[in-house]
Amino acid sequence: MKNMNIRVSSSFLAIAIIIAGFFIYKGLKSFSDKERAVTVKGLSERTVEVDYANLTIRYAIGGNNMEEVLKGIEENNNKITQFAVSKGLNKNEISINVPNIKDKKNQEYESSANITYRYYATVKITLISNNVKSVRDIEMNQFDLFKEGINLIKQEDYYDASNQTYTFTKLNDIKPQMIRESITNAKKSADEFAQNSNAKIKSIKSAKQGQFEIIPTDDPLKVKLRVVSTIEYFIK
4 MKNMNIRVSS SFLAIAIIIA GFFIYKGLKS FSDKERAVTV KGLSERTVEV
54 DYANLTIRYA IGGNNMEEVL KGIEENNNKI TQFAVSKGLN KNEISINVPN
104 IKDKKNQEYE SSANITYRYY ATVKITLISN NVKSVRDIEM NQFDLFKEGI
154 NLIKQEDYYD ASNQTYTFTK LNDIKPQMIR ESITNAKKSA DEFAQNSNAK
204 IKSIKSAKQG QFEIIPTDDP LKVKLRVVST IEYFIK
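Okay, so the sequence shown: first residue is 4 according to the numbering used here, each after it adds one.
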């Protein structure tokens, strides 16, 4: 009787070990299946017309009489303003900065022999508008201002490294569509991978959206928008 009990107990133990082994195998296989993954990237690009323009016009003027220099500045400012308005801008889109006037006679490092004019002034006028075509027209026809006797300069400084900027400001309006498109393209890449490797795409393991880029094109009035989504899918 005792030997029979031992045999029964041994049988139950063996069955229990087999069952436990089966579940351990299934668990490990399930874990292994979940860890199989593929990482793909989805690109979304589109070219759009810019909707914001910022153009800087600079000029220099010199003279030996301060009153004459100030009068010249006023005349030049009026000419540039009228020119911009004639191209389609409003006066509230034209900003005239305070002139930077130097008295070279009172500068220690200046030699009187090198002074052509005692007073030398530079003026910066900024045009900011959503009427980008008008701003572009002004930029391309600045030679007309030379004809008016205005000495335009292309001086660049540390805080203003460019004379013109054209960009797109309505990125938030188009972001959702581009993100959906990049995700769709990523899924297409994952499906193609799965098809070529006899696997199936399951759920998303992780996802990362890249930064939106605004890239200049050969046409100053158009920019390219670009975003890349990186998605990792479980596969089986």
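Just so it is clear, CB atoms sit at the ideal spot from N, CA and C, and this is done for glycine as well.
If you're wondering where the values come from, they're calculated on a predicted model, not measured in any experiment.
Could you give the distance in angstroms between the alpha-carbon of residue 120 and the alpha-carbon of residue 212? Taking the first residue of the sequence shown as 1, we reach residue 120 at position 117. Taking the first residue of the sequence shown as 1, we reach residue 212 at position 209. When rounded, the distance between both Cα atoms is 58 Å.
With DSSP as the reference, please indicate the residues paired to residue 42 in a beta bridge. Along the sequence shown, one-based indexing puts residue 42 at 39. Residue 42 is bridged to 235.
Opening and closing residue of the alpha helix (DSSP H) in which residue 219 lies: For the purposes of this step, residue 219 is identified with residue 216 of the sequence shown, where counting begins at 1. No alpha helix (DSSP H) holds residue 219; the beta strand (DSSP E) holding it covers 216-219.
Output needed for residue 75: all residues of its chain with C-beta closer than 7 Å, excluding positions within five of it in sequence on either side, in chain order. Sequence index remark: in the sequence shown, residue 75 carries index 72 (1-based). Correct list, in chain order: 64, 66.
By DSSP, does residue 58 sit in helix, in strand, or in coil? To locate residue 58, count along the sequence shown from 1; it is residue 55. Correct three-state label for residue 58: strand.
With three or more beta-carbon pairs closer than 8 Å as the criterion, would you say the stretch 46-64 touches the stretch 129-136? Contact between the stretch 46-64 and the stretch 129-136 is present, because at least three Cβ pairs lie under 8 Å.
Distance, residue 235 Cα to residue 203 Cα: Position 200 of the sequence shown, counted from the first residue, corresponds to residue 203. Position 232 of the sequence shown, counted from the first residue, corresponds to residue 235. One C-alpha to the other measures close to 13 Å.
From which residue to which residue does the beta strand (DSSP E) around residue 167 run? Taking the first residue of the sequence shown as 1, we reach residue 167 at position 164. Unbroken beta strand (DSSP E) run through residue 167: 167-170.
Measure the CB-CB distance between residue 41 and residue 193 and report whether it falls below 7 Å. Here the question's residue 41 lines up with position 38 in the sequence shown. Here the question's residue 193 lines up with position 190 in the sequence shown. The answer is yes: Cβ separation under 7 Å.
Check: residue 150 C-beta below 6 Å from any heavy atom of the ligand FMN: Ligands are entirely absent from the displayed structure, and the ligand FMN is therefore not among its contents.
Closer than 6 Å by C-beta to residue 34: which residues in its own chain qualify, once you throw out the five before and the five after it? Chain order, please. Taking the first residue of the sequence shown as position 1, residue 34 is located at position 31. Reliability fails at residue 34, whose pLDDT of 45 lies under 50, so the model's placement of it is uncertain and no value is given.
Outcome for residue 185 when other beta-carbon atoms lying within 10 angstroms are tallied against a minimum of 16: By 1-based counting over the sequence shown, the position of residue 185 is 182. By the 10 Å Cβ count, residue 185 comes out buried.
Proximal residues to residue 108 (C-beta, below 6 Å), its chain only, five neighbours per side dropped: For the purposes of this step, residue 108 is taken as the residue at position 105 of the sequence shown. For residue 108, where only same-chain residues beyond five positions count, the Cβ hits under 6 Å are 121.
Opening and closing residue of the beta strand (DSSP E) in which residue 85 lies: Position 82 of the sequence shown holds residue 85. Careful: residue 85 lies outside any beta strand (DSSP E), inside the alpha helix (DSSP H) at 69-89.
Who pairs with residue 130 in a beta bridge, going by DSSP? Numbered from 1 along the sequence shown, position 127 holds the residue referred to as residue 130. DSSP lists 58, 97 as partners of residue 130.
Taking the continuous alpha helix (DSSP H) assigned at residue 148, which residues delimit it? Residue mapping note: residue 148 aligns to position 145 of the sequence shown, counting from 1. Note, residue 148: alpha helix (DSSP H), 146-150.
Euclidean distance between Cα positions of residue 131 and residue 61: Taking the sequence shown and counting its residues from 1, one reaches residue 131 at position 128. Taking the sequence shown and counting its residues from 1, one reaches residue 61 at position 58. Near 15 Å, if we compare the C-alpha coordinates of residue 61 and residue 131.
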